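A.B. asks:
Residue numbers (this note's numbering): 12 to 397.
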């Protein structure tokens with residue numbers, strides 16, 4: 012080896028070491044490890060909420076994609092208005108829902124729960140920056156209305172009162188619903204400390220004050236991922252996002268496992284996410300092919316873009332294949348799944364509504380077009396019927 016080749020190789024080695032060190036130093040740490048970068052999503056601007064007008068919401072802190080009227084986005088404001096707003100694809104307010112029987116707590120997030128074919132909006136009134144509402148927090152629940160452009164509607168909501176374990180007080184900005192485990196999840200928000208996810212069983216009705224159950228700490232003290240501002244679980248319960256101002260982390264559920272198991276694994280870091288001015292809202296679309304974010308900015312001072320993160324990985328066919336579904340095929344409009352236990356098959360749309368209920372294989376799927384969820388026992392998979 013001549014001297015020039017030796018020095019070239021030495022320079023490449025030094026550069027490689029520096030690159031590796033920089034990744035370790037500047038990549039996001041979680042549970043003491045540098046997370047894998049997820050590169051499946053690309054970012055674009057969906058719409059821009061213009062500077063303050065009489066009809067546009069201010070300080071958007073929560074977001075959920077409508078399931079009754081596709082293409083619209085519910086948002087809530089944390090600036091003291093007792094209303095949520097349906098935005099159109101252009102970012103303009105199309106419909107307003109006024110919550111008539113609630114106190115003006117700090118509304119921080121919203122999500123949608125689809126239960127037995129009905130969609131319910133959950134509003135998290137649990138912001139508590141000064142810890143003034145100790146052991147006394149609320150979720151407002153009501154059935155999601157159909158968006159009727161150019162109008163407004165007043166609703167009376169169910170008020171779900173809750174507290175944290177041991178009477179603790181927390182600020183929180185994240186509420187999510189899991190359709191597989193039928194649980195509500197709330198994540199607290201603490202700066203420079205460990206943030207924690209809590210759960211509450213979803214019930215048709217509640218009596219008295221509920222106590223949340225601790226599920227999982229999210230990372231370790233001293234790591235970058237804290238002060239958490241938003242999260243969402245996809246309509247099929249498979250994909251979970253939780254964010255703070257600078258980063259979005261992504262968990263993928265395996266089968267129908269309890270989310271405590273999912274959250275115990277290390278997530279992936281969404282590489283495409285770019286820090287927003289005060290990013291406090293995130294939402295999956297109906298089939299988890301994209302998610303959206305926007306900020307808690309005062310639109311009287313600035314515009315507020317809604318960003319779309321589109322998944323570049325195809326959603327056709329069976330997702331995350333494993334041995335739980337053996338020899339799945341469609342022939343002449345009939346779906347055949349060979350499974351040893353001969354368990355019945357049910358098929359749901361992406362809002363959780365059962366289209367085909369408890370049929371034995373083969374199942375007539377000739378009328379289905381688009382993406383549906385196939386369920387067998389405790390397992391579920393998405394499939395695109397063409």
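A virtual CB, placed ideally from N, CA and C, is assigned to each residue, including glycine. Fair warning: this is a prediction, and the values are worked out from it, not measured in the lab.
When DSSP builds the beta bridges, which residues end up paired with residue 280?
C.D. replies: Taking the first residue of the chain shown as position 1, residue 280 is located at position 269. 48 and 260.
A.B. asks: Starting from the C-beta of residue 83, find all residues in its chain whose C-beta is less than 7 Å away, skip the five residues before and the five after it, and write them out in chain order.
C.D. replies: Residue 83 sits at position 72 when you count from the first residue of the chain shown. Result list for residue 83: 77, 97, 98, 99, 105 and 158, in chain order.
A.B. asks: Going by other Cβ atoms of all chains shown within 10 Å of its Cβ, with 16 needed for buried, is residue 101 buried or exposed?
C.D. replies: In the chain shown, the residue the question calls residue 101 occupies position 90. Classification of residue 101: exposed, given that the 10 Å Cβ count is below 16.
A.B. asks: Can you check whether the CB of residue 279 is closer than 8 Å to the CB of residue 241?
C.D. replies: What you label residue 241 is simply residue 230 of the chain shown in a count that begins at 1. What you label residue 279 is simply residue 268 of the chain shown in a count that begins at 1. No, these two residues do not count as a Cβ contact at 8 Å.
A.B. asks: Buried or exposed, going by whether 16 or more other CB atoms sit within 10 Å of the CB of residue 68?
C.D. replies: Locating residue 68 in the chain shown gives position 57, where the first residue counts as 1. It counts as buried.
A.B. asks: In the DSSP assignment, what residue or residues form a beta bridge with residue 242?
C.D. replies: Taking the chain shown and counting its residues from 1, the one referred to as residue 242 is at position 231. Paired residues: 253.
A.B. asks: Return helix, strand or coil for residue 344, following the three-state DSSP convention.
C.D. replies: Within the chain shown, residue 344 is the residue found at index 333, counting from 1. Three-state result, residue 344: coil.
A.B. asks: In angstroms, rounded to a whole number, what distance separates the CA positions of residue 244 and residue 346?
C.D. replies: Within the chain shown, the letter at position 233 stands for residue 244. Within the chain shown, the letter at position 335 stands for residue 346. Going by the C-alpha atoms only, they are around 28 Å apart.
A.B. asks: Please report the distance separating the alpha-carbon of residue 164 from that of residue 344.
C.D. replies: In the chain shown, counting from the first residue as 1, residue 164 sits at position 153. In the chain shown, counting from the first residue as 1, residue 344 sits at position 333. Residue 164 and residue 344: Cα-Cα distance of roughly 43 Å.
A.B. asks: Quick check: the region 247-255 against the region 210-218, are at least 3 beta-carbon pairs closer than 8 Å?
C.D. replies: The region 210-218 is not in contact with the region 247-255.
A.B. asks: Check each candidate in 380, 95 and 363 and name the one with the smallest Cα separation from residue 107.
C.D. replies: Counted from its first residue, the chain shown places residue 107 at position 96. Measuring from the Cα of residue 107, the nearest candidate turns out to be 95.
A.B. asks: Our contact map puts residue 74 next to residue 293 with C-beta atoms below 8 Å; I'd like the distance itself, whole angstroms only.
C.D. replies: Position 63 of the chain shown, counting from 1, holds the residue named residue 74. Position 282 of the chain shown, counting from 1, holds the residue named residue 293. Right, the Cβ-Cβ distance comes to about 7 Å (below 8 Å), so this counts as a contact.
A.B. asks: Per DSSP, residue 166 forms a beta bridge with which residues?
C.D. replies: Numbered from its first residue, the chain shown carries residue 166 at position 155. Partner(s): 110.
A.B. asks: What first and last residue would you give for the alpha helix (DSSP H) that runs through residue 402?
C.D. replies: One cannot answer for residue 402 here, as it falls past the ends of the chain, which runs 12 to 397.
A.B. asks: Closest to residue 168 by CA distance: which of 196, 111, 147 and 271 is it?
C.D. replies: Position 157 of the chain shown holds residue 168. Here the closest residue by C-alpha is 111.
A.B. asks: Can you tell me whether residue 87 is buried or exposed? The criterion is at least 16 other CB atoms within 10 Å of its CB, across all chains shown.
C.D. replies: Position 76 of the chain shown, counted from the start, is the residue given in the question as residue 87. Label assigned to residue 87: buried.
A.B. asks: Does the Cβ of residue 47 have 16 or more other Cβ atoms within 10 Å, making it buried, or fewer, making it exposed?
C.D. replies: Taking the first residue of the chain shown as 1, we reach residue 47 at position 36. Exposed, because fewer than 16 other Cβ atoms sit within 10 Å of the Cβ of residue 47.
A.B. asks: Whole-angstrom Cβ separation of residue 42 and residue 282, contact assumed at under 8 Å?
C.D. replies: Here residue 42 refers to the residue found at position 31 when the chain shown is read from its first residue. Here residue 282 refers to the residue found at position 271 when the chain shown is read from its first residue. Actually they are not in contact, since the Cβ atoms of residue 42 and residue 282 sit about 19 Å apart, beyond 8 Å.
A.B. asks: Between the C-alpha atoms of residue 381 and residue 395, what's the straight-line distance to the nearest angstrom?
C.D. replies: Translated into the one-based positions of the chain shown, residue 381 becomes position 370. Translated into the one-based positions of the chain shown, residue 395 becomes position 384. Spanning the two alpha carbons is a distance of roughly 5 Å.
A.B. asks: Looking only at its chain, what residues have a beta carbon closer than 6 Å to the beta carbon of residue 128, apart from the 5 residues adjacent to it on each side?
C.D. replies: Locating residue 128 in the chain shown gives position 117, counting from the first residue. For residue 128, where only same-chain residues beyond five positions count, the Cβ hits under 6 Å are 364.
A.B. asks: Helix, strand or coil: which one does DSSP assign to residue 212?
C.D. replies: Numbered from 1 along the chain shown, position 201 holds the residue referred to as residue 212. If DSSP states are grouped into helix, strand and coil, residue 212 belongs with the strands.
A.B. asks: Could you please give the first and the last residue of the uninterrupted beta strand (DSSP E) stretch that includes residue 378?
C.D. replies: Stepping through the chain shown from its first residue, residue 378 is reached at position 367. No beta strand (DSSP E) contains residue 378, which DSSP labels as neither H nor E.
A.B. asks: In the DSSP output, what is residue 150 paired with across the bridge?
C.D. replies: Working through the chain shown from its first residue, we reach residue 150 at position 139. Its beta-bridge partners are 135 and 171.
A.B. asks: So the candidates are 375, 307 and 186; which of them puts its Cα closest to the Cα of residue 340?
C.D. replies: Working through the chain shown from its first residue, we reach residue 340 at position 329. Residue 340 has its Cα closest to that of 375, out of 375, 307 and 186.
A.B. asks: For a quick check, are the C-beta atoms of residue 202 and residue 184 less than 8 Å apart?
C.D. replies: Translated into positions along the chain shown, residue 202 becomes position 191. Translated into positions along the chain shown, residue 184 becomes position 173. No; because the gap between Cβ atoms is not below 8 Å, this pair is not in contact.
A.B. asks: Is residue 215 buried or exposed, if buried means 16 or more other CB atoms sit within 10 Å of its CB?
C.D. replies: Start at 1 with the first residue of the chain shown, and residue 215 comes out as number 204. Per the 10 Å Cβ criterion, exposed.
A.B. asks: Given that a residue counts as buried once 16 or more other Cβ atoms are within 10 Å of its Cβ, and exposed if not, what is residue 34?
C.D. replies: Here residue 34 corresponds to residue number 23 of the chain shown, with the count starting at 1. Confidence is the limiting factor: at residue 34 the pLDDT is only 39, short of 50, which leaves the residue's position unreliable and the question unanswerable from this model.
A.B. asks: Name, in chain order, the residues that DSSP records as bridge partners for residue 358.
C.D. replies: Position 347 of the chain shown holds residue 358. In DSSP, residue 358 forms a bridge with 367 and 385.
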